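Engineer:
Numbering (our numbering), first residue to last: 1485 to 2079.
#1: Name the one or two DSSP bridge partners that residue 1756 has.
#2: By the 10 Å Cβ neighbour count, where 16 or more other Cβ atoms means buried, how is residue 1767 classified, buried or exposed?
#3: Buried or exposed for residue 1673, going by 16 or more other Cβ atoms inside 10 Å?
#4: Starting from residue 1772, follow its DSSP beta bridges and name the residues at the other end.
#5: Less than 7 Å between the C-beta atoms of residue 1719 and residue 1792, yes or no?
#6: Measure the alpha-carbon distance for residue 1520 versus residue 1941 and round it to whole angstroms.
#7: Using only the alpha-carbon positions, how far apart do residue 1525 and residue 1535 sit?
#8: In the DSSP assignment, find the unbroken beta strand (DSSP E) run with residue 1990 in it and report its ends.
#9: Is the separation between the beta-carbon of residue 1839 and that of residue 1826 shorter than 7 Å?
#10: For the beta strand (DSSP E) that residue 1813 lies in, which residues bound it at each end?
#11: Which value, in whole angstroms, describes the spacing of the CA atoms of residue 1637 and residue 1851?
#12: Given a cut-off of 7 Å on the beta-carbon distance, is the pair residue 1856 and residue 1639 in contact?
#13: With DSSP as the reference, label residue 1712 as helix, strand or coil.
#14: Would you mind giving the Cβ-Cβ distance between residue 1760 and residue 2043, rounded to the nearest angstrom? I have them listed as a contact below 8 Å.
#15: With H, G and I counted as helix, E and B as strand and the rest as coil, what does DSSP make of residue 1880?
#16: Find out if the Cβ-Cβ distance for the pair residue 1655, residue 1895 is shorter than 7 Å.
#17: By Cβ distance, which residues of its chain are closer than 7 Å to residue 2077, with the 5 residues on each side in sequence left out?
#18: Note down the Cα distance separating residue 1765 from residue 1687, rounded to an integer number of angstroms.
#19: Near residue 1870, which residues of its chain fall below 7 Å by C-beta distance, leaving aside the five closest residues on each side in sequence?
#20: What does a CB cutoff of less than 7 Å around residue 1575 pick up in its chain, not counting 5 residues either side in sequence?
#21: Name the DSSP beta bridge partners of residue 1875, please?
#22: Throw me the rounded Cβ distance for the residue 1629 and residue 1556 pair, which I believe falls under 8 Å.
#23: Less than 7 Å separating the beta-carbons of residue 1612 and residue 1603?
#24: Start and end of the alpha helix (DSSP H) containing residue 1598?
#25: Using DSSP with H/G/I as helix, E/B as strand and the rest coil, what is residue 1608?
#26: Which class does residue 2053 belong to by DSSP, given the choice of helix, strand or coil?
#27: Contact check, residue 1980 vs residue 1846 under 8 Å by CB: the rounded distance?
#28: Under the DSSP definition of a beta bridge, which residues are partnered with residue 2014?
#29: What are the start and end residues of the beta strand (DSSP E) that includes residue 1842?
#30: Going by CA-CA distance only, name the one from 2060, 1818, 2038, 2029 that's closest to residue 1789.
#31: Since residue 2002 and residue 1842 are thought to touch, with beta carbons under 8 Å apart, how far apart are those beta carbons, to the nearest angstrom?
#32: Our contact map puts residue 1675 next to residue 1874 with C-beta atoms below 8 Å; I'd like the distance itself, whole angstroms only.
#33: Specify the secondary structure class of residue 1778 as computed by DSSP and reduced to three states.
#34: Quick one: using the 10 Å Cβ neighbour count with 16 as the cut-off for buried, is residue 1497 buried or exposed?
#35: Taking the alpha-carbon positions, what's the residue 1545 to residue 1552 distance?
#36: Could you check if residue 2014 is buried or exposed, using at least 16 other CB atoms within 10 Å of its CB as the buried criterion?
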């Protein structure tokens, strides 16, 4: 089924056949569609937005092909017997050996659950080794089955891993030696503190009241001095003037994602990219997106382009006439910037001086584990949920991201806070991460269907003002940043912009993940590094892995490298006017405070 702009379903086009089509009445169709969507929305609220039908279809594909593959079944039986013998050998060596027996299986490098020395003590060594062997066997069972589609294999592997992670022995007090030792050592007071933490979190979830220790937006974070100079129904535009006395003639327009608040790029002073830019002579304009409500249900992805980027460029043009703008987009904001830049190139609009893409994808064929939640069934299911609410609430999107790293972001946190009784003092990034936003129904449906599901932007079908756009029309200097451990926008996917455009393109691969890799101030953090390379127009293409192997590692932050690049594409610094008489209010404005 396809979805029209008014939200009703249209059947896919089919070849003419011998069966006459029966046209239902509009009223009957609308009533049936409304009833079905209401049922789907109710189910979605119970399943955190995951479609049971999509998961069931994936398991059915796996079961049916495994049932028809006796050779694969024998292979799995052999693997089970082999693991059982390995475990028995380890059990004997652990019971009778004079020294600690070598493990029969080691956790993956990114698995920190069993690193404590207490896990090597009997019987916890047997418990965690047994679990790791089971986990490995289930991975073998879920993968490598001939005939199962790649997407279904990924879904069943992911879903099975979630169940195994849920029942990991580290998650339960009696089978976690760290919790047992802490409970005995503190006479149970760790569990009392954990109960206090649980009550606080429950009250926060119900009342959406931040804890007293949380950092304050506008005081501790998002605190760079600036003025809100423009506001419409979708965004506020904040101006930050340079603190250097002179300014480059080309300002920087920052387009953040609207999945979270803009101040990921203006955290505490030490971690603020905005503060870093104004300290090096750049006037910065920041879009602060509104946190939408049900009344914004019909805002489309193109409305974000028009009311966001285009409106911001219009305002900047009035304040700084004839100035060309360095535009920088982060995550989904970068995808929107790519759409806007392609449309401007098609229409002969030359107001952009350059474009910077920070962890932003323009081709969604290999968009990482988020594609687990993207197929026709799942998208239609989410559309029905958003159709009823008018938006996708913050918890659904945050939950999807947490599931991708459930060991670190869900279960380990629950053990640490509720069983060990520990709680980290919120830092700037943690405070931002908890300040999630909603997304309008129509916009998010456009995003999921046109970009993720159909990949229209990369394949030249995405339309702006009724005409398709092509990233190949973009001839701007481009600065593109991917991060090594990004599970939201994997860097090889970000790298695909090399294929889509023939512009002068500088690519940076930074250490860290989707957030920490971008918020990477030059403060000598241990292990901070990046790779960088430039491809000139007409230059030959290198695939992502070849590029990575051939690019030397540079210690430190990539931020200075970006400033050097901006300087090379900017005019000489000069005096500037900082007239704030028409400002609406001080930064960070009003929209960022809406929860």
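Ideal Cβ placement from N, Cα and C applies to all residues, glycine included. These figures come from a predicted structure and were not determined experimentally.
Structural biologist: So, to answer that:
#1: Along the chain shown, one-based indexing puts residue 1756 at 272. BP columns for residue 1756 point to 1750.
#2: Your numbering for residue 1767 matches position 283 in the chain shown. Classification of residue 1767: buried, given that the 10 Å Cβ count is 16 or more.
#3: For the purposes of this step, residue 1673 is taken as residue 189 along the chain shown, with counting starting at 1. Sixteen is the threshold: since fewer than 16 other Cβ atoms of the shown chains lie within 10 Å of the Cβ of residue 1673, the residue is exposed.
#4: On the chain shown, residue 1772 is found 288 positions in, with the first residue counted as 1. 1720.
#5: In the chain shown, counting from the first residue as 1, residue 1719 sits at position 235. In the chain shown, counting from the first residue as 1, residue 1792 sits at position 308. Against a cut-off of 7 Å, the Cβ pair of residue 1792 and residue 1719 comes out as a contact.
#6: Here residue 1520 corresponds to residue number 36 of the chain shown, with the count starting at 1. Here residue 1941 corresponds to residue number 457 of the chain shown, with the count starting at 1. C-alpha separation (whole angstroms): 31 Å.
#7: Position 41 of the chain shown, counted from the start, is the residue given in the question as residue 1525. Position 51 of the chain shown, counted from the start, is the residue given in the question as residue 1535. Approximately 10 Å, taken between the alpha carbons.
#8: Start at 1 with the first residue of the chain shown, and residue 1990 comes out as number 506. 1989 to 1994 is the extent of the beta strand (DSSP E) around residue 1990.
#9: Translated into the one-based positions of the chain shown, residue 1839 becomes position 355. Translated into the one-based positions of the chain shown, residue 1826 becomes position 342. Result no, Cβ atoms of residue 1839 and residue 1826 do not sit closer than 7 Å.
#10: Counting from one through the chain shown, the residue named residue 1813 turns up at place 329. 1809 to 1814 is the span of the beta strand (DSSP E), which, as asked, contains residue 1813.
#11: Taking the chain shown and counting its residues from 1, the one referred to as residue 1637 is at position 153. Taking the chain shown and counting its residues from 1, the one referred to as residue 1851 is at position 367. CA-CA distance, residue 1637 to residue 1851, rounds to 16 Å.
#12: Here residue 1856 is taken as the residue at index 372 of the chain shown, counted from 1. Here residue 1639 is taken as the residue at index 155 of the chain shown, counted from 1. The Cβ atoms of residue 1856 and residue 1639 sit closer than 7 Å to each other.
#13: Numbered from its first residue, the chain shown carries residue 1712 at position 228. The answer is strand: DSSP assigns residue 1712 an E or B state.
#14: Residue mapping note: residue 1760 aligns to position 276 of the chain shown, counting from 1. Residue mapping note: residue 2043 aligns to position 559 of the chain shown, counting from 1. With a Cβ gap of about 6 Å, residue 1760 and residue 2043 count as contacting.
#15: The residue you call residue 1880 lines up with position 396 of the chain shown. If DSSP states are grouped into helix, strand and coil, residue 1880 belongs with the helices.
#16: Taking the chain shown and counting its residues from 1, one reaches residue 1655 at position 171. Taking the chain shown and counting its residues from 1, one reaches residue 1895 at position 411. By the CB criterion at 7 Å, residue 1655 and residue 1895 fall inside the cutoff.
#17: By 1-based counting over the chain shown, the position of residue 2077 is 593. Correct list, in chain order: 1701.
#18: The residue you call residue 1765 lines up with position 281 of the chain shown. The residue you call residue 1687 lines up with position 203 of the chain shown. When rounded, the distance between both Cα atoms is 45 Å.
#19: On the chain shown, residue 1870 is found 386 positions in, with the first residue counted as 1. The answer, listed in chain order, is 1876, 1925, 1928, 1929.
#20: As a working note, residue 1575 is residue 91 in the chain shown. So the qualifying residues of the chain are 1610.
#21: On the chain shown, position 391 is the one that residue 1875 refers to. Its beta-bridge partners are 1924.
#22: Counting from one through the chain shown, the residue named residue 1629 turns up at place 145. Counting from one through the chain shown, the residue named residue 1556 turns up at place 72. About 6 Å separates the two Cβ atoms, so the contact holds.
#23: Here residue 1612 refers to the residue found at position 128 of the chain shown. Here residue 1603 refers to the residue found at position 119 of the chain shown. In this structure, residue 1603 lies closer than 7 Å to residue 1612 by Cβ.
#24: Locating residue 1598 in the chain shown gives position 114, where the first residue counts as 1. Annotation: residue 1598 is outside any alpha helix (DSSP H) and is labelled neither H nor E by DSSP.
#25: Along the chain shown, read from residue 1 onward, the residue named residue 1608 stands at position 124. Under the three-state reduction of DSSP output, residue 1608 falls in the helix class.
#26: Translated into positions along the chain shown, residue 2053 becomes position 569. Coil.
#27: Here the question's residue 1980 lines up with position 496 in the chain shown. Here the question's residue 1846 lines up with position 362 in the chain shown. Correct: roughly 7 Å between the Cβ atoms.
#28: Position 530 of the chain shown holds residue 2014. DSSP, once it has assigned bridges, lists 1994, 2038 as partnering residue 2014.
#29: As a first step, residue 1842 is located in the chain shown; it is residue number 358 there, counting from the start. Element bounds for residue 1842: 1836 to 1842.
#30: Here the question's residue 1789 lines up with position 305 in the chain shown. Comparing alpha-carbon positions, the option among 2060, 1818, 2038, 2029 lying closest to residue 1789 turns out to be 1818.
#31: Position 518 of the chain shown, counted from the first residue, corresponds to residue 2002. Position 358 of the chain shown, counted from the first residue, corresponds to residue 1842. Confirmed, Cβ separation roughly 5 Å.
#32: Within the chain shown, the letter at position 191 stands for residue 1675. Within the chain shown, the letter at position 390 stands for residue 1874. The C-beta distance from residue 1675 to residue 1874 rounds to 41 Å, too long to meet the 8 Å contact threshold.
#33: Sequence index remark: in the chain shown, residue 1778 carries index 294 (1-based). Three-state DSSP puts residue 1778 in a helix.
#34: By one-based count along the chain shown, residue 1497 stands at place 13. Confidence at residue 1497 is low in this model, with a pLDDT of 49, below 50, so the placement of that residue should be treated as unreliable; the coordinate-derived value is given next. Exposed, since its Cβ has fewer than 16 Cβ neighbours within 10 Å.
#35: Mapped onto the chain shown, residue 1545 falls at position 61. Mapped onto the chain shown, residue 1552 falls at position 68. Rounded to whole angstroms, the separation of the alpha carbons of residue 1552 and residue 1545 is 11 Å.
#36: For the purposes of this step, residue 2014 is identified with residue 530 of the chain shown, where counting begins at 1. When all chains shown are included, residue 2014 counts as buried.
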